[in-house]
Amino acid sequence: MTQTTEAAVRSPGTAKQPARIHRAWFVAAVTFVTIIGAAAFRSLPGLLIDPLHEDFGWSRATIGAAVSVNLALYGLTAPFAAALMDRFGIRRVVAVALTVIAVGSGLTVWMTAAWQLMLYWGLLVGLGSGSMALAFAATVTNRWFTERRGLVTGILTAASASGQLIFLPLLSWMVEKHDWRPAAITVALAALAVVPFVWLLLRDHPADVGLKPYGAKEFVPKPEPVQGAARRAVTVLFKAARTGPFWLLAGTFAICGASTNGLVQTHFVPAAHDHGMPVTAAASLLAVIGVFDVVGTVASGWFTDRFEPRRLLAVYYALRGISLLFLPMLLAPSVHPPMLFFIVFYGLDWVATVPPTVALCREQYGEDSAIVFGWVLASHQVGAALIAFLGGVARDVFGTYDMIWYASGALCAAAALMALVIRRRPVGAVLTAA
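Per our numbering, the sequence shown runs over residues 3 to 436.
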């Protein structure tokens with residue numbers, strides 16, 4: 003870049019006048035579509051447990067272990083992905099991640115042993131999905147918006163639920179009517195189909211197109227690429243780990259993951275099937291959760307812009323815990339009104355925790371908040387991984403999922419208390435990486 007060009011990019015005076023609709027909203031729209039396309043892989047694990055058990059004779063604990071590897075890597079990759087986005091740009095990281103997801107999902111069609119499930123679905127799809135995790139949404143929000151961040155975070159978080167809504171009924175129909183392999187291929191094709199949208203339409207920073215972030219009063223130059231992405235991610239972790247709020251946020255979000263991705267998303271379909279409910283009906287109920295998840299998450303983003311996020315988190319976790327305690331009594335061969343009430347109630351609360359958690363990370367850790375949130379998300383997925391595995395073990399040992407529902411309800415009550423004791427940080431006093 004020449005000195006003249008560099009000066010032009012960095013000078014506030016050269017910022018373009020914003021269009022009637024700020025480009026940040028178009029970037030958010032592309033991000034939304036990208037997350038929807040990538041959400042297909044999130045819809046499949048719960049549908050695979052029974053078919054893989056029948057096809058290969060693998061225990062539910064073994065299949066749950068592969069899902070656990072996937073969920074753990076989904077979280078542990080996120081903070082490094084956020085740092086890689088700072089180093090190489092959002093477009094490159096997301097395009098590569100989608101390609102890795104497609105390869106991992108496609109290879110499962112030819113697997114014949116449990117270790118291959120661990121490798122293809124656990125390792126490859128886990129690594130790819132981790133780079134497409136909520137840290138992606140947090141990075142886009144932090145770069146392109148200074149106002150309406152809570153609302154945008156809610157909308158982008160809801161994209162995953164929207165993808166679940168789109169893909170779950172289709173994938174469950176494929177699994178029931180045509181075997182699980184066409185469903186795996188569909189996941190691979192969905193991930194590949196989004197790559198051109200990312201490469202052609204997504205931009206890394208408002209300064210790339212000469213604009214201020216939405217709501218900003220001044221032009222924000224694009225920062226220089228950050229060297230040592232992995233080192234920075236670890237450095238930020240060590241700094242954050244010396245603060246109490248980090249452990250409270252990580253603990254509450256671990257329980258969030260345990261009670262959603264690890265438990266309901268992985269084990270609801272087989273648990274309902276245990277009670278005689280058809281797989282397609284149970285998968286459709288999960289899709290309905292996705293409908294109300296969109297409403298609940300967007301509303302939570304709106305609330306986060308206006309109310310104290312600690313109190314919001316406490317309310318969300320308390321209500322979730324109460325609903326899980328009632329679930330074992332609601333499972334039946336057919337769908338009935340109390341079950342529909344649970345689905346609506348749980349859907350509204352599914353990932354409503356994300357906007358206030360992101361807001362608290364931003365309040366506590368400033369410019370490093372996307373990476374810190376990546377580590378908090380890692381705890382979310384570790385919690386999900388543990389419950390995905392332990393749920394399978396509980397089903398194998400006790401012949402029922404009841405114990406795991408009750409335990410998760412109790413954990414949610416603990417999370418509500420933890421959220422209330424996160425201390426406030428004075429304005430301007432934020433953690434920054436060296």
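Even for Gly, the Cβ is constructed at its ideal location relative to N, Cα and C.
This one's a predicted model, so the numbers in the text were calculated from it and none came from an experiment.
C-alpha gap between residue i and residue j, whole angstroms
| i | j | result |
| --- | --- | --- |
| G292 | M134 | 18 Å |
| H269 | A192 | 24 Å |
| A289 | G298 | 14 Å |
| F347 | A283 | 18 Å |
| M420 | A74 | 23 Å |
| M113 | W175 | 22 Å |
| Y221 | L203 | The question names Tyr, but residue 221 is Phe in the sequence shown. So the alpha carbons of these two residues sit roughly 22 Å apart. |
| V399 | F28 | 50 Å |
| A243 | R93 | 30 Å |
| I157 | A31 | 9 Å |
| L415 | P53 | A small correction: the amino acid at residue 415 is Ala; Leu does not occupy that position in the sequence shown. Each residue's Cα considered, the two are about 34 Å apart. |
| H24 | A390 | 41 Å |
| P225 | I103 | 29 Å |
| L78 | S131 | 11 Å |
| V189 | G106 | 10 Å |
| K179 | H55 | 17 Å |
| P272 | L121 | 23 Å |
| G128 | Y76 | 5 Å |
| Q366 | A372 | 11 Å |
| F138 | F199 | 15 Å |
| T247 | E310 | Going by the sequence as given, residue 247 is Pro instead of Thr. Answer to the nearest angstrom: the Cα atoms are 15 Å apart. |
| G1 | R397 | With the chain running from 3 to 436 in the structure shown, residue 1 is simply not present. |
| R22 | L332 | 50 Å |
| A232 | F82 | 6 Å |
| A316 | G91 | 35 Å |
| W509 | V236 | Given that the chain is displayed from residue 3 to residue 436, the structure contains no residue 509 and the question cannot be resolved. |
| I187 | V197 | 16 Å |
| L422 | L194 | 42 Å |
| V369 | A285 | This sequence places Glu at residue 369; Val is not what is there. About 40 Å. |
| P330 | Y319 | 19 Å |
| R308 | V300 | 13 Å |
| F328 | K241 | 40 Å |
| I168 | Q267 | 15 Å |
Whole-angstrom C-beta distance between residue j and residue i, which should lie under 8 Å
| i | j | result |
| --- | --- | --- |
| P208 | R145 | 7 Å |
| L172 | L46 | L172 to L46, Cβ: 11 Å. No contact. |
| S410 | L265 | 5 Å |
| V96 | T36 | 7 Å |
Three-state secondary structure (DSSP) of residue i
| i | result |
| --- | --- |
| Y403 | coil |
| T16 | Annotation note: pLDDT 47 at T16 (below 50); position unreliable, coordinate value reported separately. DSSP places T16 in helix when its eight states are reduced to three. |
| F309 | coil |
| F221 | coil |
| A9 | In this prediction, A9 scores a pLDDT of 41, lower than 50, which makes its location untrustworthy; no coordinate-derived value is stated. |
| G212 | coil |
| R425 | coil |
Cutoff 7 Å; reference residue i; Cβ partners in own chain excluding five residues on either side
| i | result |
| --- | --- |
| L321 | D351 |
| G394 | R62, A63, I65, G66 |
| P340 | L332 |
| Y403 | H269, A273, G393, A396, R397 |
| F34 | I157, L158, A161 |
| A99 | G130, S133, M134 |
Short Cβ contact (9 Å threshold) for residue i with residue j
| i | j | result |
| --- | --- | --- |
| R313 | R151 | no |
| T148 | A218 | yes |
| M279 | A334 | yes |
| L49 | W182 | yes |
| C258 | A418 | no |
| L413 | G349 | no |
| A260 | L388 | yes |
| T141 | D88 | yes |
| L109 | L86 | no |
| V337 | D295 | no |
| W407 | L326 | yes |
| V281 | V177 | yes |
Residues near residue i by beta carbon distance below 6 Å, same chain, minus five either side
| i | result |
| --- | --- |
| T306 | G152, P357, P358, A361 |
| G124 | A68, V71, N72 |
| L287 | I345 |
| L239 | W377 |
| L392 | none |
| S302 | G156, A354, P357 |
| I424 | P247, L250, R312 |
Close beta carbons around residue i, own chain, < 8 Å, minus the five adjacent residues each side
| i | result |
| --- | --- |
| F255 | T355, T359, V378, L379, S381, H382, G385 |
| P215 | A26, R145, W146, F147, T148, P208, V222 |
| W304 | G152, L153, G156 |
Heavy atom of the ligand ADP within 8 Å of residue i beta-carbon
| i | result |
| --- | --- |
| G264 | With respect to the ligand ADP, the structure offers nothing, as it holds no ligand at all. |
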